[in-house]
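Top to bottom, those sequences are chains E and P.
Going by the working numbering, 203 is the number at position 196 of the first sequence; the sequence numbering is gapless.
Going by the working numbering, 235 is the number at position 60 of the second sequence; the sequence numbering is gapless.
Yeah, the Cβ is synthetic: ideal placement off N, Cα and C, and Gly gets one too.
Below is one structure; the comments refer to it alone.
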Amino acid sequence: MPNAIEIAHNTLLAPASLSDSDLDRVMDQLLTSQIDAADIYFQASRLESWVLEDGIIRDGNYNIEQGVGVRAISGEKTGFAYTDEIALPSLLEAGRTARAIARAGSQGNTRLSRTAPTQQFYAPLNPLESMTEEEKIGLLRKLDAEARRQDPRVQQVIASLVAAHDVVLVAASDGTLCGDVRPLVRCNVHVIVEADGRREQGSSGGGARESFQFFVDEERALGYAREAVRQALVNLEAEDAPAGSMTVVLGSGWPGILLHEAIGHGLEGDFNRKGTSAFSGRIGEKVAADGCTVVDDGTLPGRRGSLNMDDEGTPSQCTVLIEDGRLKGYMQDKHNAHLMGGHSTGNGRRESYAHLPMPRMTNTYMLPGQHDPGEIIASVKRGLYAVNFGGGQVDITSGKFVFSASEAYLIENGKVTRPVRGATLIGSGPEVLTRVSMIGNDLELDAGVGTCGKDGQSVPVGVGQPTLKIDNLTVGGTSA
Amino acid sequence: MSEQQLSARQAQLEQMVHDLLKEARQQGASAAEAAVSNDSGLSINVRKGEVETIEHTRDQGLGITVYFGQRKGTASTSDFKPEAIRDTVRAACNIARFTNDDPCSGLADADRMATETPDLDLYHPWDITPEEAIELGRRCESAALELDSRISNTEGASVNSHGGLHVYGNSHGFVGGYPSSRHSLSCSVIGQQNGSMQRDYWYTVSRDAGQLESEFEVGRKAGERTLARLGARKLGTRQAPIIFRADIAGSLLRSLISAISGSSLYRKASFLLDQLGQPIFPAHVQIQEHPRIPGGLGSAAFDSEGVATYDKRIIQDGVLQTYLLSSYSARKLGLQSTANAGGVHNLSITPGEHDLDGMLREMGSGLLVTEMMGHGVNMVTGDYSRGAAGFWVEQGEIQFPVEEITIAGNLKQMFAQLQAVGRDEERRSSIRTGSLLIEQMTIAGE
Ligand SMILES: [Zn+2]
């Protein structure tokens with residue numbers, strides 16, 4: 008199998024008859040005396056999706072996207088232009104537009120050198136071709152049947168299957184010339200159940216940088232169908248959620264969205280360079296309880312948030328954000344790292360060629376502790392046990408964050424008792440982890456469903472954590 | 176773009192739509208619809224008086240949906256080369272080989288197509304150079320920074336100007352298109368007091384740059400809003416009346432729109448099933464859609480299926496008058512399209528008699544919500560629980576800013592308890608509303 012840089016070259020440059028020396032020429036044009044750094048980002052992506060609803064394959068969509076983005080940086084200033092046309096004249100025009108950020112000066116002289124991929128956390132495969140169309144829709148039909156087979160109260164099943172094949176090539180003024188081929192698959196099952204006039208929903212899914220076989224292995228997709236029904240039926244029985252400050256036990260895995268919102272965004276380099284984050288200037292300070300170690304790790308094999316290299320060509324790495332309760336480091340892209348006198352941590356990401364890169368998370372999770380999850384529940388007299396969540400949001404400046412539980416239970420006298428309706432949990436990022444009083448030994452990562460939004464740009468991410476006990480978190484129910 | 180260039184470009188895009196439809200027919204499709212759009216613009220951000228980013232945007236896209244009888248396939252691309260167009264149609268046709276016959280699928284009915292495309296005054300190009308935009312942003316940001324020494328940091332000011340063309344056509348023979356523009360100016364600053372920071376922002380948006388608020392006004396409001404939040408504290412858990420300030424109240428109407436949209440209804444994924452003709456608000460509430468307001472941010476002469484838009488009452492005297500339907504959801508429900516494929520076009524709730532101060536007095540003691548966080552809305556049950564920030568109010572007077580609280584209830588009850596609508600109408604959105612007073616919700620805090 009050819010490696011990623013060869014595939015990227017053949018997909019992006021060869022059809023436009025662009026040679027490495029053409030890239031040198033564009034780069035030289037970009038680099039004037041006042042331009043500190045520049046990069047060119049080529050991208051071609053294919054996205055395919057299928058939707059089953061009301062028992063039939065209702066919809067399918069195929070999207071073809073390609074283009075090139077050119078960025079020129081001078082001090083804290085960034086000029087950016089892009090074009091949908093991968094060809095030398097439009098590339099030179101985009102370059103002229105981008106570099107207008109600084110006045111023209113002397114000619115640069117860059118020689119790009121191809122960097123062989125040093126690491127591979129996923130194969131450079133095309134997931135769209137990993138199953139025939141018959142197999143894809145066959146899988147969706149199975150999910151529909153599996154969901155309906157679980158319980159006669161299932162009224163509606165919506166199942167979807169999405170695959171993306173993304174080929175990128177980055178040329179940068181620091182000599183970087185490297186490429187990546189990024190497969191991504193996603194499957195989701197959403198159900199509506201009805202009993203005695205009450206209706207509820209449940210949703211479950213997963214994904215990875217793999218082929219569609221991922222959903223067949225270990226009956227994963229069938230598991231999503233069963234799980235969606237289970238959640239919906241639990242919610243049919245749910246009572247009003249409590250309102251107020253109380254002990255909250257968060258389940259392992261997807262509830263790690265807590266870390267993404269409460270800690271992660273606030274530790275992105277751009278906010279800290281500008282001093283706009285509640286965590287700004289706090290490196291070395293205690294921001295979490297003893298035993299809390301949080302990392303951002305783009306190197307986990309096959310994970311949704313993993314990358315062989317980021318969108319600036321920096322190899323992915325595992326960055327320690329909080330070590331045993333102390334703030335250790337920020338997530339950086341090249342631009343912000345340079346301005347802060349450090350190095351990129353491989354977190355420079357962008358939604359596409361038509362967007363500017365910025366520091367973004369990959370897979371963010373907390374390392375496991377000592378406690379058995381059962382022991383954690385048993386230690387709570389009255390509290391909330393939240394195991395599934397919808398989305399979250401954070402105001403990085405005030406540090407306030409929310410995340411919304413979609414499956415939660417009361418804990419009464421050390422036992423998980425009744426299910427309660429969904430409720431939003433709210434807290435303060437710099438404080439919440441100082442209230443972690445027990446850390447489970449059951450670290451789990453999410454099933455591969457996360458999408459993070461920042462400045463209007465969406466990128467796939469992962470989260471994870473062990474079971475966590477947090478003393479005093481505000482639960483936004485209706486039952487006072 | 177000059178008038179002449181514009182109409183030439185529009186003719187080009189219309190030709191592309193014809194080509195796409197023709198290609199679909201040649202590849203065997205019995206019906207097809209296509210949309211082509213093209214947009215270009217400038218975004219600049221100024222921070223601490225210096226330009227931070229200059230982005231030149233140029234977006235184009237085309238999408239095609241083909242029907243083989245009742246089977247459907249769609250494909251889209253940003254590549255406008257002739258071979259890419261052929262490949263895109265082929266991809267859509269390939270999809271349609273595998274989707275199932277769906278008795279409800281197909282184009283909207285031919286007799287519902289818009290017969291004319293009135294000029295809705297949506298296109299006003301802004302002849303602004305990057306240098307002028309930078310200066311505008313600078314003045315805007317400094318108006319905020321100079322306001323008070325507690326304004327300690329800034330995310331800067333942004334100037335955005337975008338304009339483009341959108342053309343839609345289908346095999347009924349309908350082809351319609353129009354240019355539109357959108358310009359905005361925004362500012363976001365940070366204040367500091369006793370070691371804790373707060374941020375707030377303000378923006379102005381219009382189809383016509385001449386209608387934008389002045390840069391000084393935008394900067395000043397951003398600064399004032401930030402200052403007002405300093406010293407925010409939590410509240411104890413309680414039940415209380417709540418006012419959603421006009422600038423965020425549109426989110427409640429968005430929940431209404433979603434709940435009465437055909438796609439939620441036929442999936443039974445709405446808390447407002449079978450409510451047509453039923454009172455869902457108190458009798459004083461009137462909500463309507465006016466899709467053809469000249470210069471309106473949501474204006475359109477036809478929906479995303481070519482169906483002619485028309486004025487309609489959605490809530491009259493509190494009673495639900497219509498669902499919001501595309502041709503597909505209409506067929507699913509045995510009804511007619513309401514020209515809402517792709518959403519609503521200029522929805523408004525009739526303003527009441529009081530401005531915000533009057534609304535606060537009417538509430539007496541309660542919470543004025545000025546920011547909401549998160550997505551804690553269950554559209555199937557109407558359960559509502561969101562993070563919030565705002566101000567605690569007693570005897571109609573703001574007492575202090577609050578944060579890190581949640582507000583919770585159920586949308587069905589919240590709608591039924593909509594006690595008053597303000598006349599402080601928010602006009603920066605295609606959804607227009609004044610502040611909304613809800614009789615009682617649960618606030619969770621300390
Ligand atoms: Zn995020």
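Closer than 8 Å at the beta carbon, the chain P residues around residue i
i	result
Thr441/E	What Thr441/E touches in chain P: nothing, since even the nearest Cβ is about 15 Å away.
Asn70/E	Ala250, Ser251, Thr252
Which of helix, strand or coil DSSP assigns to residue i
i	result
Tyr89/E	strand
Pro134/E	helix
Ile264/E	helix
Arg627/P	Here chain P covers residues 176 to 621 and nothing more, so residue 627/P does not appear.
Tyr503/P	helix
Thr329/P	strand
Glu579/P	strand
Gly112/E	Bear in mind that a pLDDT of 40 at Gly112/E, under 50, signals an unreliable position, so the number given afterwards is only what the model happens to contain. Note: Gly112/E maps to coil in three-state DSSP.
Gly312/P	helix
Tyr337/E	coil
Ile199/E	strand
Met368/E	coil
Ser24/E	coil
Asp66/E	strand
Gly484/E	coil
Cys279/P	coil
Thr556/P	coil
Phe419/P	strand
CA-to-CA distance, residue j to residue i, given in whole angstroms
i	j	result
Gly527/P	Tyr498/P	24 Å
Pro473/E	Ser327/P	38 Å
Met548/P	Ser252/E	18 Å
Gln190/P	Gly352/P	11 Å
Gly390/E	Ala245/E	16 Å
Cys185/E	His350/E	18 Å
Ser523/P	Gly493/P	14 Å
Gly258/E	Leu510/P	45 Å
Glu178/P	Leu480/E	59 Å
Asp383/P	Ser253/P	27 Å
Asp151/E	Ile165/E	8 Å
Leu448/P	Leu266/E	37 Å
Ser113/E	Gly82/E	For Ser113/E, the pLDDT reaches just 41, beneath the cut-off of 50, and the residue's location in the model is therefore unreliable, although a value from the coordinates is still provided. Cα to Cα, the separation comes out at about 17 Å.
Gln496/P	Ser512/P	14 Å
Ile433/E	Gln400/E	10 Å
Ile219/P	Ala79/E	14 Å
Arg536/P	Glu572/P	7 Å
Val519/P	Leu428/P	11 Å
Gln157/E	Glu358/E	38 Å
Phe11/E	Tyr360/E	Inspection of the sequence shows that residue 11/E is occupied by Ala rather than by Phe. The alpha-carbon atoms of Ala11/E and Tyr360/E are separated by roughly 18 Å.
Beta-carbon neighbours of residue i, restricted to chain E and to distances below 7 Å
i	result
His550/P	Gly397, Gly398, Ser411
Proximal chain P residues relative to residue i, where beta-carbon distance stays under 7 Å
i	result
Val482/E	Ala619
Arg428/E	Asp558
Run of the alpha helix (DSSP H) containing residue i, from where it starts to where it stops
i	result
Ile42/E	Here Ile42/E belongs to no alpha helix (DSSP H), and DSSP marks it neither H nor E.
Glu392/P	390-404
Arg233/E	227-243
Gln157/E	140-157
Arg106/E	95-106
Interface partners of residue i on chain E, CB under 9 Å
i	result
Lys443/P	Gln162, Gln163, Ile199, Glu201, Arg206
The beta strand (DSSP E) enclosing residue i, as first and last residue numbers
i	result
Gln245/P	Unbroken run through Gln245/P: none, as it is neither H nor E.
Gly390/E	389-401
Gly251/E	250-257
Cross-chain neighbours of residue i in chain P, by beta carbon under 9 Å
i	result
Ile144/E	Phe273, Thr274, Asn275
Lys84/E	Glu225, Val226, Glu227, Thr228, Ile229
Chain-ordered chain E contacts of residue i [CB-CB under 8 Å]
i	result
Glu579/P	Lys407, Ile433, Gly434, Ser435, Thr481
Is the segment 407-419 of chain P close to the segment 390-399 of chain P, with three or more CB pairs under 8 Å? no
Below 8 Å, how does it come out for the segment 278-289 of chain P and the segment 476-492 of chain P: are there three or more Cβ pairs, yes or no? yes
How about the segment 197-209 of chain P and the segment 326-340 of chain E: do they share at least three Cβ pairs that are nearer than 8 Å? no
Cβ contact check for the segment 330-342 of chain P and the segment 210-227 of chain P: 3 or more pairs under 8 Å: yes
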